[in-house]
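Going down the list, the protein sequences come from chains A and B. For the first sequence, counting from 1, position 153 maps to 153 in the working numbering; every step adds exactly one. If you want the working numbering, it's the 1-based position in the second sequence plus 212. Notes for the one structure printed next.
2 protein chains.
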Amino acid sequence: MDNYEKIIAQAKKIFQKARKSHDWDHTRRVSNLCLYMGEIENADMEVLQLAAILHDIGREEQDASEGRVCHAAIGAVMAQEILEEHGLPGDKIDKVVHCIATHRFRGGKAPLSKEAKILFDADKLDAIGAIGIGRAFVFAGEVGAKVHNKDVDVEQTKAYSEEDTAYREYLVKLRKIKDNILTAEGKKLAEGRHQFMVGFFNRLNKEVDGEL
Amino acid sequence: MDNYEKIIAQAKKIFQKARKSHDWDHTRRVSNLCLYMGEIENADMEVLQLAAILHDIGREEQDASEGRVCHAAIGAVMAQEILEEHGLPGDKIDKVVHCIATHRFRGGKAPLSKEAKILFDADKLDAIGAIGIGRAFVFAGEVGAKVHNKDVDVEQTKAYSEEDTAYREYLVKLRKIKDNILTAEGKKLAEGRHQFMVGFFNRLNKEVDGEL
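In structure tokens, the structure reads:
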């Protein structure tokens with residue numbers, strides 16, 4: 001598609017004030033994963049790449065509304081406008097919009113197409129593995145949390161408190177992500193990333209006890 | 213020693229306003245490592261434990277002076293006062309003070325005793341391995357840096373800038389730490405922690421390219 005680079009530039013601008021957890025770097029990583037998985041899964045690469053580049057453009061609206069607006073829903077509307085502006089055929093636009101609208105999937109619309117499932121998986125994969133570990137600790141730093149509390153009580157602590165650690169995020173969320181992955185290639189990648197996280201936190205707990 | 217718990221409580225209080233990178237948790241981890249290594253190296257455990265618990269009590273003075281005061285030097289003076297207050301024999305105090313005064317060792321006084329070398333190693337070990345990775349990313353979060361920039365130019369960027377990442381810290385500092393470890397057991401632990409970091413960042417670079 002001729003306008004692909006222009007659309008990338010347009011999308012990138014939207015991320016200027018983005019939080020580190022869902023910034024342009026996150027979009028690039030998700031896009032890289034979509035390229036990798038899309039080739040293996042024989043996806044429509046034009047649809048998939050556009051969807052990946054545009055999937056989080058609604059984040060700022062969601063943050064500004066304090067979560068009342070869903071970034072997937074508003075992002076789908078924003079993406080439609082951008083793609084119409086660039087003259088993409090209507091059926092392609094519909095396919096891209098479906099991917100973006102369903103990439104969050106919290107009881108809302110489910111991803112149905114191959115491309116939507118790949119985007120969904122790529123977005124989740126970026127929360128686990130070595131990059132998931134890095135993101136979780138950066139987030140701990142941003143909210144002023146401890147580096148590590150191996151005895152963290154997930155029942156008695158809230159997310160984003162000082163006692164909240166990357167480890168808490170791992171126990172509550174990250175270690176369950178692999179079970180929600182949809183595509184065959186995504187499951188393979190998720191398994192490798194999951195095992196790496198298990199090893200990381202096992203080692204971390206031994207290190208803080210001075211045993212390794 | 214009867215007063216050990218009282219000295220711990222006294223030391224802990226000093227850390228109430230400490231930065232996450234050198235907080236009471238860091239002191240506890242260093243203390244755990246000293247216990248582990250001290251047993252293997254047949255160290256004077258009373259000296260070593262007191263030194264571990266008190267080694268960073270001068271941090272706040274260093275931060276308040278914007279680095280003009282060295283926390284090892286001022287910490288040694290503060291420790292001497294605390295231990296005299298608790299009636300520790302003079303020769304023991306001298307041994308503890310030597311450990312604290314030399315644990316930083318940047319062209320200043322070198323650690324000469326077995327206990328001083330173990331404390332020196334334990335303090336360095338807490339900057340590498342899984343815990344070193346966690347600390348580096350938390351620090352990135354605290355200063356508003358990116359999660360990861362695999363193409364970071366260590367010559368053209370400064371430490372603590374937004375382009376500075378945990379990876380930069382690894383390239384510039386953390387991967388060299390194992391070469392400065394002094395004791396046999398410390399070297400063994402450092403090698404394991406070093407290899408784990410190498411594996412982590414190799415994997416991270418592949419993940420961000422969408423290949424793993």
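Glycine residues also receive a C-beta, built at the ideal position from the N, C-alpha and C atoms. What you are looking at is a predicted structure, and each value in this text was computed from that prediction instead of being measured.
Using a Cβ-Cβ distance cut-off of 8 Å, determine whether residue i contacts chain A.
i: residue 326 of chain B; result: no
i: residue 359 of chain B; result: yes
i: residue 227 of chain B; result: no
i: residue 244 of chain B; result: yes
i: residue 241 of chain B; result: yes
i: residue 352 of chain B; result: yes
i: residue 275 of chain B; result: no
i: residue 231 of chain B; result: no
i: residue 248 of chain B; result: yes
i: residue 289 of chain B; result: no
i: residue 419 of chain B; result: yes
i: residue 416 of chain B; result: yes
i: residue 401 of chain B; result: yes
Using a beta-carbon distance below 8 Å, is residue i in contact with chain B?
i: residue 103 of chain A; result: no
i: residue 166 of chain A; result: yes
i: residue 135 of chain A; result: yes
i: residue 130 of chain A; result: yes
i: residue 84 of chain A; result: no
i: residue 192 of chain A; result: yes
i: residue 200 of chain A; result: yes
i: residue 25 of chain A; result: yes
i: residue 120 of chain A; result: no
Distance, Cα to Cα, residue i vs residue j?
i: residue 262 of chain B; j: residue 131 of chain A; result: 38 Å
i: residue 8 of chain A; j: residue 376 of chain B; result: 25 Å
i: residue 101 of chain A; j: residue 125 of chain A; result: 18 Å
i: residue 60 of chain A; j: residue 70 of chain A; result: 10 Å
i: residue 99 of chain A; j: residue 279 of chain B; result: 52 Å
i: residue 388 of chain B; j: residue 247 of chain B; result: 24 Å
i: residue 212 of chain A; j: residue 150 of chain A; result: 15 Å
i: residue 206 of chain A; j: residue 401 of chain B; result: 12 Å
i: residue 202 of chain A; j: residue 167 of chain A; result: 11 Å
i: residue 12 of chain A; j: residue 28 of chain A; result: 10 Å
i: residue 229 of chain B; j: residue 236 of chain B; result: 10 Å
i: residue 95 of chain A; j: residue 178 of chain A; result: 25 Å
i: residue 290 of chain A; j: residue 171 of chain A; result: Since the first and last residues shown for chain A are 1 and 212, residue 290 of chain A lies out of range.
i: residue 159 of chain A; j: residue 147 of chain A; result: 14 Å
i: residue 286 of chain B; j: residue 270 of chain B; result: 5 Å
i: residue 331 of chain B; j: residue 127 of chain A; result: 36 Å
i: residue 26 of chain A; j: residue 416 of chain B; result: 13 Å
i: residue 365 of chain B; j: residue 373 of chain B; result: 12 Å
i: residue 341 of chain B; j: residue 129 of chain A; result: 16 Å
i: residue 22 of chain A; j: residue 174 of chain A; result: 16 Å
i: residue 93 of chain A; j: residue 105 of chain A; result: 20 Å
i: residue 33 of chain A; j: residue 257 of chain B; result: 51 Å
i: residue 195 of chain A; j: residue 408 of chain B; result: 14 Å
i: residue 295 of chain B; j: residue 268 of chain B; result: 15 Å
i: residue 249 of chain B; j: residue 208 of chain A; result: 13 Å
i: residue 97 of chain A; j: residue 87 of chain A; result: 15 Å
Quick check on the burial criterion: 16 or more other C-beta atoms within 10 angstroms. Buried or exposed for residue i?
i: residue 145 of chain A; result: buried
i: residue 243 of chain B; result: buried
i: residue 4 of chain A; result: exposed
i: residue 346 of chain B; result: buried
i: residue 292 of chain B; result: buried
i: residue 193 of chain A; result: buried
i: residue 136 of chain A; result: buried
i: residue 288 of chain B; result: buried
i: residue 276 of chain B; result: exposed
i: residue 398 of chain B; result: buried
i: residue 353 of chain B; result: buried
i: residue 326 of chain B; result: buried
i: residue 266 of chain B; result: buried
i: residue 156 of chain A; result: exposed
i: residue 323 of chain B; result: buried
i: residue 6 of chain A; result: exposed
i: residue 422 of chain B; result: buried
What are the start and end residues of the alpha helix (DSSP H) that includes residue i?
i: residue 183 of chain A; result: Where residue 183 of chain A is concerned, there is no enclosing alpha helix (DSSP H), given that its DSSP letter is neither H nor E.
i: residue 76 of chain A; result: 71–85
i: residue 332 of chain B; result: 326–337
i: residue 300 of chain B; result: First-last for residue 300 of chain B: undefined, no H or E at that position.
i: residue 39 of chain A; result: 24–40
i: residue 68 of chain A; result: Taken as a continuous stretch (DSSP letters only), residue 68 of chain A belongs to no alpha helix (DSSP H), as it is neither H nor E.
i: residue 142 of chain A; result: 129–142
i: residue 436 of chain B; result: Shown here, chain B extends from 213 to 424; a query on residue 436 of chain B therefore has no answer.
i: residue 4 of chain A; result: 4–14
For residue i, would you say it is in contact with chain C, using Cβ-to-Cβ distances shorter than 8 Å as the test?
i: residue 211 of chain A; result: Structure shown: chain C not included; protein chains present are A and B.
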